[in-house]
Amino acid sequence: MPIIYSAGFYCIESKFTSYTRLGYEVIRVYPKTSVQLNFIRHLEHSGKYDFWKTAATKGFADIMASKENMISLKSMLRVTGIRYSIFISDVQGKIDQINAIPRKEAGPKSSRYALTWDNYYQYETIREFCYALAQDYPDLVTLEVVGTSLEGRELVLLKISSGGEGKPGIFVDGGTPIFTIEQFLKTDFHC
Numbered sequence: 000m001p002i003i004y005s006a007g008f009y010c011i012e013s014k015f016t017s018y019t020r021l022g023y024e025v026i027r028v029y030p031k032t033s034v035q036l037n038f039i040r041h042l043e044h045s046g047k048y049d050f051w052k053t054a055a056t057k058g059f060a061d062i063m064a065s066k067e068n069m070i071s072l073k074s075m076l077r078v079t080g081i082r083y084s085i086f087i088s089d090v091q092g093k094i095d096q097i098n099a100i101p102r103k104e105a106g107p108k109s110s111r112y113a114l115t116w117d118n119y120y121q122y123e124t125i126r127e128f129c130y131a132l133a134q135d136y137p138d139l140v141t142l143e144v145v146g147t148s149l150e151g152r153e154l155v156l157l158k159i160s161s162g163g164e165g166k167p168g169i170f171v172d173g174g175t176p177i178f179t180i181e182q183f184l185k186t187d188f189h190c
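For the sequence shown, counting from 1, position 57 maps to 56 in numbering that gives the first Met the number 0; every step adds exactly one.
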């Protein structure tokens, strides 16, 4: 039975919109109890904060907010006893720093493109990784452009399959499955 994964990637960068993140920061919060976890989940649904990583039973959440919202957020975290640390102190500065780095042209340039699983990556980096997977596993991985984003960037579909029509498959969408895709391809189990 073949398994098919698809990964569509979408990203908006500040250079494509007049919206800036001046004064924004990202904090990493560490809820330890179910009450704290529920509090963080309530904050996530409030719409005031941008959750980069949602809270889980064990672990942490990454939350971006404006300077004004961050002041009240930190105050609430102190009152509820939830530990936090600053993950990115100047989001706009980080965006500007990343945008100043010359971009490599995407495509199958190397046979290996390693990502670590403890960082956030730009769309182009994930796309380059997908091209490297297609080069490393040509019998299993195919890439297809399925459209363009509002910014004019290609939306790439990554398909893992041993081929054959009419076979059942599983589709997964988003940047998060990249880790799963790589792990699947590294194992001896193939469709």
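Cβ atoms here follow ideal geometry from the backbone N, Cα and C, with glycine treated the same way.
Quickly, what does DSSP pair A64 with across the bridge? List them, please.
-> Mapped onto the sequence shown, residue 64 falls at position 65. Beta-bridge pairing links A64 to E24.
With 16 other CB atoms within 10 Å as the buried threshold, where does E143 fall?
-> Here the question's residue 143 lines up with position 144 in the sequence shown. Flag for E143 reads exposed.
Could you tell me the boundaries of the alpha helix (DSSP H) in which G92 lies?
-> Counting from 1 along the sequence shown, the entry for residue 92 is found at position 93. For G92, the uninterrupted alpha helix (DSSP H) run begins and ends at V90 to A99, by DSSP.
Taking Q121 and I97 to be in contact with their CB atoms under 8 Å, please state how far apart those CB atoms are, rounded to whole angstroms.
-> Locating residue 121 in the sequence shown gives position 122, counting from the first residue. Locating residue 97 in the sequence shown gives position 98, counting from the first residue. The pair is a contact, with the Cβ atoms about 7 Å apart (cut-off 8 Å).
From the DSSP output, which residues share a beta bridge with H50?
-> For this step, residue 50 is matched to residue 51 along the sequence shown. The sequence given here has Phe at residue 50, not His. Paired residues: I62.
In the DSSP assignment, find the alpha helix (DSSP H) that holds I39 and state where it starts and stops.
-> To locate residue 39, count along the sequence shown from 1; it is residue 40. I39 -> alpha helix (DSSP H) spans S33 to E43.
Would the C-beta of T124 count as close to the ligand COA, meaning under 6 Å from any of its heavy atoms?
-> Although the ligand COA was asked about, the structure shown includes no ligands whatsoever.
Name the one or two DSSP bridge partners that V140 has.
-> In the sequence shown, the residue the question calls residue 140 occupies position 141. Under DSSP, V140 takes part in a beta bridge, and its partners are I159.
Kindly indicate which residue of V145, T147, P30 and V34 has the alpha-carbon position closest to the one of K57.
-> Sequence index remark: in the sequence shown, residue 57 carries index 58 (1-based). Answer by Cα proximity: P30.
Y83, DSSP secondary structure in three states = In the sequence shown, residue 83 corresponds to position 84, counting from 1. In the three-state reduction of the DSSP assignment, Y83 falls in the strand class, which pools E and B.
Flag this pair as touching only if the region 123-142 and the region 48-62 have three or more C-beta atom pairs under 8 Å; answer yes or no.
-> In this structure the region 123-142 does not lie against the region 48-62, because fewer than three pairs of beta carbons, one per stretch, are closer than 8 Å.
With distances taken between CB atoms, is the gap from D49 to M69 smaller than 7 Å?
-> Translated into the one-based positions of the sequence shown, residue 49 becomes position 50. Translated into the one-based positions of the sequence shown, residue 69 becomes position 70. Against a cut-off of 7 Å, the Cβ pair of M69 and D49 comes out as no contact.
Selection from T79, K93, L36 and Q35 that minimises the alpha carbon distance to Y119 | Residue numbering aside, residue 119 sits at position 120 when the sequence shown is read from its first letter. The residue from T79, K93, L36 and Q35 with its alpha-carbon nearest to that of Y119 is K93.
For E123, the first and last residue of its enclosing alpha helix (DSSP H) = Sequence index remark: in the sequence shown, residue 123 carries index 124 (1-based). From DSSP, the alpha helix (DSSP H) with E123 extends over Y122 to D135.
Alpha carbon to alpha carbon, how far is E164 from I85? Give it in angstroms, no decimals.
-> Reading the sequence shown from its first residue, position 86 is the one you call residue 85. Reading the sequence shown from its first residue, position 165 is the one you call residue 164. Roughly 50 Å between the two C-alpha positions.
Assumed close pair V25, D61 - CB separation to whole angstroms, cut-off 8 Å = Here residue 25 refers to the residue found at position 26 of the sequence shown. Here residue 61 refers to the residue found at position 62 of the sequence shown. Right, the Cβ-Cβ distance comes to about 6 Å (below 8 Å), so this counts as a contact.
Less than 8 Å between the CB atoms is what I'm expecting for V78 and Y23, so what's the real figure, rounded?
-> For this step, residue 78 is matched to residue 79 along the sequence shown. For this step, residue 23 is matched to residue 24 along the sequence shown. The pair is not a contact, with the Cβ atoms about 22 Å apart (cut-off 8 Å).
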